[in-house]
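Encoded as structure tokens, the structure appears first; notes follow it.
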Amino acid sequence: MRHLIVPSVDTQHWLEVLKTNNWLVSGLGVVTIETGEKGLPLAEHAPQEDDPIWLGLTHALMAREVNKIKHWSDLLDRELYQQFEQYWPRSYEMVGDVLIVRLEEEVKQHQDLIAEAMLERISSARIICADNGVTGKFRVRDISPILSRDGNISTLTKIRENGHNIIIDPAKAYFSSRLSTEREGNVVAAKQLANLLDRPITISDPYAGVGPALPSLIATEGLVEAIFAGDLNPDAVELLRYNLKSQVNKANYDFDNQAFCMDARKWRSDKNLTGSTDLLLVNLPHDTIEHLTDLFPLMCKGTMSLIRGWAIVERQNLDGVRELIEQKLIQHGAREISLTCKEIKGFSASKIFIRIESWQIFP
Ligand SMILES: C[S@@+](CC[C@H](N)C(=O)[O-])C[C@H]1O[C@@H](n2cnc3c(N)ncnc32)[C@H](O)[C@@H]1O
Numbered sequence: 002m003r004h005l006i007v008p009s010v011d012t013q014h015w016l017e018v019l020k021t022n023n024w025l026v027s028g029l030g031v032v033t034i035e036t037g038e039k040g041l042p043l044a045e046h047a048p049q050e051d052d053p054i055w056l057g058l059t060h061a062l063m064a065r066e067v068n069k070i071k072h073w074s075d076l077l078d079r080e081l082y083q084q085f086e087q088y089w090p091r092s093y094e095m096v097g098d099v100l101i102v103r104l105e106e107e108v109k110q111h112q113d114l115i116a117e118a119m120l121e122r123i124s125s126a127r128i129i130c131a132d133n134g135v136t137g138k139f140r141v142r143d144i145s146p147i148l149s150r151d152g153n154i155s156t157l158t159k160i161r162e163n164g165h166n167i168i169i170d171p172a173k174a175y176f177s178s179r180l181s182t183e184r185e186g187n188v189v190a191a192k193q194l195a196n197l198l199d200r201p202i203t204i205s206d207p208y209a210g211v212g213p214a215l216p217s218l219i220a221t222e223g224l225v226e227a228i229f230a231g232d233l234n235p236d237a238v239e240l241l242r243y244n245l246k247s248q249v250n251k252a253n254y255d256f257d258n259q260a261f262c263m264d265a266r267k268w269r270s271d272k273n274l275t276g277s278t279d280l281l282l283v284n285l286p287h288d289t290i291e292h293l294t295d296l297f298p299l300m301c302k303g304t305m306s307l308i309r310g311w312a313i314v315e316r317q318n319l320d321g322v323r324e325l326i327e328q329k330l331i332q333h334g335a336r337e338i339s340l341t342c343k344e345i346k347g348f349s350a351s352k353i354f355i356r357i358e359s360w361q362i363f364p
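Note that my numbering has the sequence shown beginning at 2, numbered continuously upward.
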């Protein structure tokens with residue numbers, strides 16, 4: 002069985018990451034290896050070793066007494082199981098207590114049996130939903146509830162990320178735990194900027210979704226002067242407002258905070274937002290680069306500012322993308338530009354997911 006190998010002191014942190022994502026094989030426990038490091042048993046569907054989520058930690062194969070663990074599919078009638086052997090789902094995703102599973106056409110007729118077996122075996126699941134893909138400009142998942150443990154078919158749920166609770170609804174607003182390490186990177190970069198400016202900073206997150214980037218920033222005392230967050234999806238903004246309010250209530254310092262249901266490209270027409278922002282987050286991967294010029298007017302003038310954005314681009318064109326962004330910055334009079342475009346994971350055969358990080362002073 003595959004194990005994640007972590008330094009002993011980091012065991013609790015990684016156990017939390019694995020449990021949140023349902024990547025931990027329950028009932029097996031942690032093993033101590035010869036080096037003193039710990040081995041955490043990984044579920045089959047956990048990301049592969051080269052995924053950036055592991056921050057370079059290694060995986061190791063170790064024999065465990067897996068026979069004691071019963072898989073949900075063991076509960077299916079044997080004859081039925083064998084009839085459709087190759088079509089039963091091999092993986093699923095946990096979003097809080099919502100289990101989302103993609104069903105092949107051949108076994109859709111048996112979705113109730115699948116859901117019953119999953120509820121029986123997977124104690125962290127409250128509701129089982131079929132995954133019908135991602136739809137529309139808000140990148141919301143089309144999921145249909147099959148069966149719930151308590152009759153409640155709401156997909157509203159809570160996840161814990163980097164030590165913070167976030168309320169999400171995968172059927173109403175985009176959320177992905179895959180970018181949690183990037184969100185931690187935001188905090189590191191924000192601290193660097195605040196140190197450089199020697200003051201708390203104003204952060205804008207106009208494509209905030211339900212706001213997963215905000216809790217870690219807010220929880221860093223003395224970092225935040227103001228938070229402006231928004232999304233175009235009204236359902237996302239409802240959850241964003243809830244999450245923001247609970248983070249504000251928890252913080253023991255005061256700061257301005259506002260959430261808008263607005264097209265990010267229109268923020269520039271609000272005079273309270275133009276020239277307001279020290280740190281801008283741009284998370285609209287298919288359109289980030291196109292939207293950038295409409296967002297530049299939000300940046301503070303005359304002082305160092307930082308843009309962190311994420312984009313999906315052609316692998317072959319990474320240098321071209323960097324040059325294009327630099328040109329846009331220069332056209333807007335930015336100086337002292339320090340711009341990096343770094344691959345953080347593959348997206349498809351020809352495309353990659355990148356982080357754009359740009360430090361500059363706008364005029
Ligand atoms: C990839 S998601 C990122 C959400 C969030 N930052 C996160 O990491 O979970 C992009 C978000 O942008 C929103 N969106 C799409 N077009 C927009 C626009 N023109 N202005 C503001 N938000 C937009 C979508 O509704 C979605 O919630």
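The C-beta atom is built at its ideal place from N, Cα and C for all residues, glycine as well. The structure presented is a predicted model; accordingly, all values stated were derived computationally and were not measured.
Cβ-Cβ distance between residue i and residue j below 7 Å
i, j, result
"L274", "I308", "no"
"K39", "G97", "no"
"Y175", "R140", "yes"
"D367", "I144", "For the chain, the structure presents residues 2 to 364; residue 367 sits outside this window and is missing."
"R3", "L41", "no"
"D279", "S306", "yes"
"A237", "D206", "no"
"R323", "S351", "no"
"L285", "Y208", "yes"
"V99", "L58", "no"
"I357", "R336", "no"
"Y243", "I168", "yes"
"L319", "E327", "no"
"A252", "I202", "no"
"G310", "V283", "yes"
"S9", "G37", "yes"
"P171", "T182", "no"
"S178", "N23", "no"
"I129", "L148", "yes"
"A260", "L245", "yes"
"H60", "L25", "no"
"I313", "H287", "yes"
"D264", "L233", "yes"
"V135", "R127", "no"
"F85", "E107", "yes"
Residue interval of the alpha helix (DSSP H) (run including residue i)
i, result
"S217", "215-219"
"G347", "Looking at the DSSP string, G347 is not in any alpha helix (DSSP H); the run it does join, the beta strand (DSSP E), is 336-347."
"A237", "235-251"
"D320", "319-332"
Delimiting residues of the beta strand (DSSP E) encompassing residue i
i, result
"R356", "352-362"
"V225", "225-232"
"L62", "60-62"
"Q84", "Q84 -> not in any beta strand (DSSP E); alpha helix (DSSP H) instead, spanning 79-84."
"D1", "What the structure shows of the chain is the stretch from 2 to 364, and residue 1 is not part of that stretch, so it cannot be assessed."
Cutoff 7 Å: residue i Cβ touching any chain D Cβ
i, result
"T12", "Of the protein chains in the structure, only one exists, and it is not chain D."
What are the start and end residues of each continuous alpha helix (DSSP H) run of 4 or more residues lying completely inside the segment 280-307, in chain order? 289-296
At which residue ranges does the segment 155-202 contain complete alpha helix (DSSP H) runs of 4 or more residues, listed in the order of the chain? 181-198
Every unbroken alpha helix (DSSP H) inside the segment 86-141 [4 residues or more]: 112-122, all fully within the segment 86-141.
Is there contact here, the segment 115-125 with the segment 186-196, by at least three beta-carbon pairs under 8 Å? no
Cβ pair count under 8 Å reaching 3, the segment 57-67 against the segment 79-94: no
What residue ranges within the segment 4-44 form continuous alpha helix (DSSP H) runs of no fewer than 4 residues, ordered along the chain? 12-21
Take every Cβ of the segment 290-306, pair it with every Cβ of the segment 211-227, and state whether three or more of those distances are shorter than 8 Å. no
Touch check for the segment 342-351 and the segment 201-214: three-plus C-beta pairs under 8 Å? The count of Cβ pairs closer than 8 Å, one atom from the segment 342-351 and one from the segment 201-214, stays below three, leaving the stretches out of contact.
Cβ pair count under 8 Å reaching 3, the segment 281-295 against the segment 151-166: no
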